[in-house]
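Q:
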Ligand code: AMP
């Protein structure tokens, strides 16, 4: 199937071509005709499947059709342009990325789009809204602030998009979403995208969508097949050392690393920097300016390692991101799918490696259950797990992780190659026996 056959305007097709999109991705093939037909949509799609163009292109097409139909009418000249589409995203970074994409796709169209999110001054956003906007991409909190200040009128909205709806719920945006929806006209088209389908999501979908068409591009809760996944067992106190070693030995030039806490992200970024690996942390306590800079530096190869918490990394779109490392496994198994979805995007292949200590085996089990497959195991000589270390009793709250005393990698005796195959328990031995990838990891 080609983009030409989807009924999109020549100017949109030109913009798509300039993005080097040669054919629509599966989500685009399915979503674009549904959205053009005016139906509500419930789409199960991870970030990385091309879902932004999946809703962005047909919205632009519909808006263009509407503009063509109304330009000759006298009322079209009066008043400021009414807001046509509202796209809600859970994080600032995701909103900014959607905004970038919409701007790319609409570069040859007389269409104005605007991104608004918190953490930056509200006044410039109010000024831009005053000039009139066709498509508004927003995080829920800032949108409500703008509504309260009468800076935006939602009564004209024809299309609502809830992107990464599961994450919106996880982040506690449900009340904000309901307050936004109360300001929208009853008659509108609703499009909902979610990577996972919990019962809460189904309840939300039922309350917002009218007779929706459901589409799914990957099996629900399955990880993208473009991504090769590995587990590397390691003692907790040696995780940083192993990570620096893997980055250096395999010459990873761009790796996104997940930690569970903001503190852990800062700490690890500092330690990697000490190890001679340029790194930066990105999380909710960082100013918007610092987050944007870290992301830009990472995209432009100024830093090799970007250390992120789940929320900060959600929705990050970094082209051709080859490696994701879970420095700590997430508490919620679904987050694993989101995390590794940062790599292997669109047509590209990626690798996700999870550094797992003995305390994290229950989380690993939950993840393997969710993705319905065991994750193959890697080992590195010199990093065999210490069989005398026992699991710590599970704690309810996420502890601040004090890392083991940091050793300089420069002085460390570098392990050379091949697998140790050293199992520390019957369970691990069994895991390794079933693993297809027992040898060393090389690129
Ligand atoms: P998304 O899931 O919307 O975040 O998109 C993931 C990545 O795929 C982005 O870098 C897009 O620019 C890219 N992309 C979207 N659609 C296509 C396509 N049809 N062909 C190639 N790349 C695409």
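Residue numbers (my numbering): 11 to 453.
We put the beta carbon where it would ideally sit given N, CA and C, even for glycine.
Everything numeric in this text was worked out from a predicted model, so none of it was measured.
1. Helix, strand or coil, according to DSSP, for residue 383 in the structure here?
2. Buried or exposed for residue 196, going by 16 or more other Cβ atoms inside 10 Å?
3. Report the start-end ranges of each beta strand (DSSP E) in the stretch 195-227 that is 3 residues or longer and not cut off at the edges.
4. May I ask you to verify whether the stretch 217-226 touches the stretch 65-84, counting CB pairs closer than 8 Å and requiring at least 3?
5. What's the gap between the Cα of residue 42 and the Cα of residue 53?
6. If you follow the alpha helix (DSSP H) that residue 363 is in, where does it begin and where does it stop?
7. Given the structure, does residue 35 come close to the ligand AMP, in the sense that its CB is under 6 Å from one of the ligand's heavy atoms?
8. Give every residue of the same chain whose Cβ lies closer than 8 Å to the Cβ of residue 91, excluding the five residues on either side of it in the sequence, and list them in chain order.
9. For residue 113, which option in 239, 369, 146 and 183 has the closest C-alpha, if you only look at C-alpha atoms?
10. Assuming residue 55 and residue 207 form a contact by the criterion Cβ under 8 Å, report the distance between their Cβ atoms to the nearest whole angstrom.
11. Name the DSSP bridge partner or partners of residue 255?
12. Going by Cα to Cα distance, which pick from 74, 116 and 176 is closest to residue 212?
13. Answer yes or no: do residue 157 and residue 96 have a C-beta to C-beta separation smaller than 7 Å?
14. Relative to the C-alpha of residue 240, which residue among 18, 26 and 378 is closest?
15. Can you tell me where the alpha helix (DSSP H) holding residue 73 begins and where it ends?
16. Tell me whether the beta-carbon of residue 365 lies closer than 7 Å to the beta-carbon of residue 284.
17. Helix or strand or just coil, what does DSSP make of residue 454?
18. Give a yes or no on whether the minimum CB-CB distance between residue 124 and chain B is below 7 Å.
19. Measuring only the C-alpha atoms, how far is residue 101 from residue 359?
20. Using CA atoms only, rank isn't needed, just tell me which of 320, 163, 173 and 389 is closest to residue 94.
21. Considering Cα atoms alone, identify which of 174, 137 and 140 is closest to residue 150.
22. Regarding residue 61 and the ligand AMP, is the C-beta to nearest heavy atom distance less than 6 Å?
23. Using the C-alpha atoms, what's the distance from residue 23 back to residue 15?
24. Which residue or residues does DSSP assign as beta-bridge partners of residue 336?
25. Cα separation between residue 139 and residue 74?
26. Is residue 57 close to the ligand AMP? I mean its beta-carbon at under 6 Å from any heavy atom of the ligand.
27. When DSSP labels each residue in this structure, what does residue 408 get in the three-state scheme?
28. The alpha helix (DSSP H) spanning residue 41 covers which residue range?
29. Can you find a heavy atom of the ligand AMP that lies under 6 Å from the Cβ of residue 337?
30. In terms of residue numbering, what span does the alpha helix (DSSP H) encompassing residue 22 cover?
A: Short version:
1. The count along the chain shown starts at 1 and reaches residue 383 at position 373. Correct three-state label for residue 383: coil.
2. In the chain shown, the residue the question calls residue 196 occupies position 186. Residue 196 is exposed by the Cβ-count criterion.
3. Within the stretch 195-227, complete beta strand (DSSP E) segments of at least 3 residues are found at 199-204 and 223-226, given in chain order.
4. The stretch 217-226 makes no contact with the stretch 65-84; the number of CB pairs closer than 8 Å stays below 3.
5. Taking the chain shown and counting its residues from 1, one reaches residue 42 at position 32. Taking the chain shown and counting its residues from 1, one reaches residue 53 at position 43. Taking the straight line joining both Cα atoms gives about 11 Å.
6. For the purposes of this step, residue 363 is taken as residue 353 along the chain shown, with counting starting at 1. That residue, residue 363, is in no alpha helix (DSSP H); its beta strand (DSSP E) goes 360-366.
7. As a first step, residue 35 is located in the chain shown; it is residue number 25 there, counting from the start. It does: the Cβ of residue 35 is within 6 Å (strictly closer) of some heavy atom of the ligand AMP.
8. Here residue 91 refers to the residue found at position 81 of the chain shown. Hits under 8 Å: 122, 142, 143 and 144.
9. Taking the first residue of the chain shown as position 1, residue 113 is located at position 103. For the residues 239, 369, 146 and 183, the minimum Cα distance to residue 113 belongs to 146.
10. In the chain shown, counting from the first residue as 1, residue 55 sits at position 45. In the chain shown, counting from the first residue as 1, residue 207 sits at position 197. With a Cβ gap of about 11 Å, residue 55 and residue 207 do not count as contacting.
11. Translated into the one-based positions of the chain shown, residue 255 becomes position 245. The partner list for residue 255 (beta bridge, DSSP) is empty, contrary to what the question assumes.
12. By one-based count along the chain shown, residue 212 stands at place 202. Sorting 74, 116 and 176 by C-alpha distance to the C-alpha of residue 212 places 176 at the top.
13. Looking up residue 157 in the chain shown gives position 147. Looking up residue 96 in the chain shown gives position 86. Between residue 157 and residue 96, the C-beta gap is not smaller than 7 Å, which leaves the two residues out of contact.
14. Stepping through the chain shown from its first residue, residue 240 is reached at position 230. For residue 240, the nearest C-alpha among the options comes from 378.
15. Within the chain shown, the letter at position 63 stands for residue 73. Residue 73 -> alpha helix (DSSP H) spans 61-80.
16. Position 355 of the chain shown, counting from 1, holds the residue named residue 365. Position 274 of the chain shown, counting from 1, holds the residue named residue 284. Taking C-beta atoms as the reference points, residue 365 and residue 284 fail to come closer than 7 Å.
17. Here the chain has residues from 11 to 453 only, and residue 454 is not among them.
18. The displayed structure is made up of one protein chain only, and chain B is not part of it.
19. Position 91 of the chain shown, counted from the first residue, corresponds to residue 101. Position 349 of the chain shown, counted from the first residue, corresponds to residue 359. About 25 Å.
20. By 1-based counting over the chain shown, the position of residue 94 is 84. When each option's Cα is compared against that of residue 94, the closest is 163.
21. Counting from 1 along the chain shown, the entry for residue 150 is found at position 140. Nearest in C-alpha terms to residue 150, of all of 174, 137 and 140, is 174.
22. What you label residue 61 is simply residue 51 of the chain shown in a count that begins at 1. Under cutoff, so the answer is yes.
23. Translated into the one-based positions of the chain shown, residue 15 becomes position 5. Translated into the one-based positions of the chain shown, residue 23 becomes position 13. Cα to Cα, the separation comes out at about 11 Å.
24. The residue you call residue 336 lines up with position 326 of the chain shown. 268 and 364.
25. Along the chain shown, read from residue 1 onward, the residue named residue 139 stands at position 129. Along the chain shown, read from residue 1 onward, the residue named residue 74 stands at position 64. Cα to Cα, the separation comes out at about 20 Å.
26. Your numbering for residue 57 matches position 47 in the chain shown. Result yes, Cβ under 6 Å from the ligand AMP.
27. Position 398 of the chain shown holds residue 408. The predicted position of residue 408 is uncertain, since its pLDDT is 43 and thus under 50; a value taken from the coordinates is nonetheless stated next. Looking at residue 408 - three-state DSSP - the assignment turns out to be coil, as it is neither helix nor strand.
28. Counted from its first residue, the chain shown places residue 41 at position 31. Run containing residue 41: 36-46, per the alpha helix (DSSP H) assignment.
29. One-based indexing of the chain shown puts residue 337 at position 327. Not under cutoff, so the answer is no.
30. What you label residue 22 is simply residue 12 of the chain shown in a count that begins at 1. From DSSP, the alpha helix (DSSP H) with residue 22 extends over 20-28.
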